[in-house]
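Protein chains in written order, with the numbering used here: chain A, 4 to 150; chain B, -12 to 426.
Next up, the structure:
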């Protein structure tokens, strides 16, 4: 089965940093989609399939933690990497409790970020393939019962 | 404090001196004129000369004390200077004692009565003028009056004896009055000194509260500052990482390298501005001298410190054009602190709104310059308006606000002869910083 190019959604309210994140992630064979706040990100997630998410915490309109909560409420297990300037314990624990995959503090090392996003993509891919397998099984089962 | 009261008492004594001496000279002149025909001219001239010399001597000592000791050293021995003053009053009293014995026409009841009148006036004046020192007052009273009283008793006759008794009664009464007035003076000086000490302590507490509130505000902003600095640092570090990758390429893209370097440079400048704002905000500006400062400069420095925070939350700050010639006399770091406080309050209050905004405007009339900070909030509820400037009043959640910001800002504006007011006529939340116009 030929793998499609994974999509990474980057959510960062600061334009300059958003641009840098895009340039860093483009080193991976990924397609990068950008959003400047949680609400915009939620619209994208509802519209298209996303393999992994890289998000800031403190953002206008909807912050990163709220976005993760909303995404999990939609029933999506998309791997979620936080990149935050507020490296405090409360945010870290809350992120883990909500099901974040990783938590990286700003200013980050590009290699560390890339490794974390790669892991998230692999996990996302695995989840996508399990999802596909399950869908395939569902179809086979319904056909078997129809017979 | 006891020492302070004593010093003030003696300073008052010396400050009262010149008026009493002037009155003394007038008395010497009048008395000499009246007895000129009745006593030896040589004796009278010697007495007048002695009076003049004593007056000059006392005035010189007083000037020395007021100009050299008080102005230059401030610290002196009250006991020593009270004794020096008392020696002067004793010599002057003795001089009048001479008038009551040696320089007195013989067997002239009208002259006795006239001198009695002068001595009563002199002693009454001394009782009042020297009431800050019972010692100095008595040092004048007794040698001035007693020789005359004894002389009158010695003269015999109804009138002289009556005058002697009267002058003794007066002396007793003046002595009591001096003591009573002295008590009042000491009490009043004690209250004055206690008040000055209390005001000084209050000022110290105010400074401390201002300092603590500034530190608390810095604490509140610590998360914000981490965000302000870590974000640009992430831009720099990320750019460096990209530059490293570019360096490994055989044909590096020079345009991309230049773009990255420019980004690093501008981001470093941004961090430097934040740090400079932090330095300005955190140092103790309470003792800075008042200076004529451009209002535009204060607004610009304050915005350097917090503009990015507003921009990150997409809160526009509209600023009316400010004339460069518009100046106010102030401690600019403190005024910046007040403005930053208002902007931070606006930021906290409106950041959840759909279309938040902040506006800075300047209004000038003949006597005042007003800087207003308006935000998209709907004003302050009427029931809490009167408590806004009170210390520890806050509408923020526990741990998010100390409730000291506005009260300290209010104190700072008052300290500048201005005011910090809530504009209740505005449909939006609007605070006014009022300054006296710089000459």
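C-beta: ideal position from N, C-alpha, C; glycine also.
query: Looking at the C-beta of residue 294 (chain B), does it have a partner C-beta in chain A at a distance below 9 Å?; result: no
query: Can you check whether the C-beta of residue 245 (chain B) is within less than 9 Å of a C-beta belonging to chain A?; result: no
query: Is it the case that the Cβ atoms of residue 75 (chain B) and residue 132 (chain B) are separated by a distance below 9 Å?; result: no
query: Report the residue from B:332, B:109, B:15 whose alpha carbon sits nearest the alpha carbon of residue 394 (chain B).; result: B:332
query: Report the CB separation of residue 219 (chain B) from residue 257 (chain B) in whole angstroms; it is logged as a contact under 8 Å.; result: 5 Å
query: Could you name the residues of chain B that residue 14 (chain A) contacts, counting a contact when the two beta carbons are closer than 7 Å?; result: Simply none; closest approach about 13 Å.
query: For residue 430 (chain B), return the contacting residues in chain A, with the cut-off set at a CB-CB distance below 7 Å.; result: Given that chain B is displayed from residue -12 to residue 426, the structure contains no residue 430 (chain B) and the question cannot be resolved.
query: Compare the Cα-Cα distances from residue 68 (chain A) to each of A:34, A:36, A:104 and report the closest residue.; result: A:104
query: Taking only beta-carbon atoms, is residue 428 (chain B) less than 9 Å away from chain A?; result: In the structure as shown, chain B starts at -12 and stops at 426, and residue 428 (chain B) therefore has no counterpart that could be examined.
query: Is there a Cβ of chain B sitting closer than 9 Å to that of residue 4 (chain A), yes or no?; result: Here residue 4 (chain A) scores only 49 on pLDDT, less than 50, and its place in the model should not be relied on; the value that follows carries that caveat. No, its Cβ sits nowhere closer than 9 Å to a Cβ of chain B.
query: Determine the chain B residues that contact residue 20 (chain A) at a beta-carbon separation under 9 Å, and present them in chain order.; result: 218, 219, 221, 222, 225
query: Counting pairs of beta carbons, one from the region 146 to 156 of chain B and one from the region 128 to 140 of chain A, are three or more of them closer than 8 Å?; result: no
query: Using only CA atoms, which one of A:91, A:10, A:27, A:21 lies nearest to residue 227 (chain B)?; result: A:27
query: Verify whether the separation of the beta carbon atoms of residue 29 (chain A) and residue 36 (chain A) is less than 9 Å.; result: no
query: Can you grab the Cα-Cα spacing for the pair residue 25 (chain B) / residue 95 (chain B), in whole Å?; result: 9 Å
query: What is the DSSP secondary structure of residue 14 (chain A), reduced to helix, strand or coil?; result: strand
query: Looking at the secondary structure, which residues open and close the beta strand (DSSP E) in which residue 281 (chain B) lies?; result: 278 to 281
query: To the nearest angstrom, report how far apart residue 4 (chain A) and residue 233 (chain B) are at their CA atoms.; result: Residue placement at residue 4 (chain A) cannot be trusted, given a pLDDT of 49 that sits under 50; what the coordinates show is reported in the next sentence. Taking the straight line joining both Cα atoms gives about 34 Å.
query: Note down, in chain order, all residues in the region 247 to 267 of chain B with a beta-carbon under 8 Å from any beta-carbon belonging to chain A.; result: 250, 254
query: Please classify residue 52 (chain B): is it buried, with 16 or more other beta-carbons within 10 angstroms of its beta-carbon, or exposed?; result: buried
query: For residue 286 (chain B), which residues in the same chain have their Cβ closer than 8 Å to its Cβ, ignoring the five residues on either side in sequence?; result: 306, 309, 326, 347, 358
query: Based on the DSSP secondary-structure assignment, which residues constitute the bridge partners of residue 157 (chain A)?; result: The shown model of chain A, from 4 to 150, leaves out residue 157 (chain A), and the question about it has no answer.
query: Specify the secondary structure class of residue 250 (chain B) as computed by DSSP and reduced to three states.; result: helix
query: Are at least three pairs of beta-carbons, each pair with one atom in the region 63 to 78 of chain B and one in the region 138 to 145 of chain A, less than 8 Å apart?; result: no
query: Is the CB-CB distance between residue 214 (chain B) and residue 89 (chain A) below 9 Å?; result: yes
query: Does chain B have any CB closer than 9 Å to the CB of residue 32 (chain A)?; result: no
query: Give me the Cα-Cα distance between residue 274 (chain B) and residue 375 (chain B), rounded to the nearest whole angstrom.; result: 26 Å
query: Within 10 Å of its beta-carbon, does residue 82 (chain A) have 16 or more other beta-carbons around it, so buried, or fewer, so exposed?; result: buried
query: Using the C-alpha atoms, what's the distance from residue 355 (chain B) back to residue 424 (chain B)?; result: 5 Å
query: Strictly under 9 Å for the Cβ-Cβ distance: is residue 110 (chain A) near chain B by that measure?; result: yes
query: What residues are listed by DSSP as bridge partners for residue 130 (chain A)?; result: Answer is none; residue 130 (chain A) lacks a bridge partner.
query: Can you list the residues of chain B that residue 17 (chain A) reaches, using a CB-CB cut of under 9 Å?; result: 218, 219, 221, 222, 295, 298, 299
query: Taking its Cβ as the centre, do 16 or more other Cβ atoms sit within 10 Å of residue 183 (chain B), making it buried, or is it exposed?; result: exposed
query: Taking DSSP as the reference, what is the three-state secondary structure of residue 64 (chain A)?; result: coil
query: Going by the DSSP bridge assignment, what does residue 37 (chain A) pair with across the sheet?; result: A:13
query: Would you report the Cα separation of residue 166 (chain B) and residue 114 (chain B), rounded to the nearest angstrom?; result: 9 Å
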